[in-house]
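Notes to accompany the following structure.
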Amino acid sequence: MTVGAIPWALTWPNARPLFYSKEVSKNLDFVSLHFYPKSGEVDKALKALAVYDIGKPMIIEEMFPLNCSVAEVNQFIEGTRALASGWISFYWGKTIAEYKREKGSITDAMMLNWLEYFVRKAPEIVSPVSRHPNN
């Protein structure tokens with residue numbers, strides 16, 4: 009079972025769900041988070057992410073440039089390399105080829121741009137070895 013936490017530490021510094029407490033987290037295999045950095049607040053997102061470092065591998069299991077640019081998400085990814093063991097994109101189910109073929113809305117163009125970025129970025133961030141020192 010995976011529970012993707014909403015990063016409350018972005019709103020309330022140092023806030024985290026109970027299951028990230030020392031007593032509860034001993035039963036977790038890894039930490040799973042959703043992060044959507046805001047434009048101009050990548051550093052704030054990185055500080056909030058650090059709150060969830062409980063000595064377990066950390067997976068950012070949902071991210072997307074919803075409130076920022078692709079460049080800022082890239083900055084976020086680069087800033088999380090010391091903590092994160094993996095990154096998974098938000099995905100609506102359409103392939104790059106489908107987005108290119110349909111040439112739909114502005115939202116579709118944004119998704120296409122993001123997916124193309126993420127495919128290019130994947131070889132850099134995919135690693136069979138966890139980056140977290142406790143794994």
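Residues are numbered in the numbering used here as their position in the sequence shown, beginning at 1, plus a constant of 8. Where a beta carbon is used, it is the ideal one built from N, C-alpha and C, also for glycine. These numbers come from a predicted model, not from an experiment.
With a 10 Å radius around the Cβ and a threshold of 16 neighbouring Cβ atoms, I68 comes out buried.
As the crow flies, the alpha-carbon of E132 is around 12 Å from that of S93. The three-state reading of DSSP puts A58 in helix, counting H, G and I together. Judged by pairs of C-beta atoms under 8 Å, the region 105 to 115 does not touch the region 57 to 73, as fewer than three such pairs exist.
Residue range 39 to 43 is occupied by the beta strand (DSSP E) that includes L41, with no alpha helix (DSSP H) assigned at that position. Taking a contact as a CB-CB distance under 8 Å, the pair F72 and S97 counts as one, their CB atoms being some 6 Å apart. Following the DSSP letters along the chain, one finds A92 inside the beta strand (DSSP E) bounded by residues 92 to 95. By the Cβ neighbour-count rule, T115 is exposed, with fewer than 16 other Cβ atoms within 10 Å of its own.
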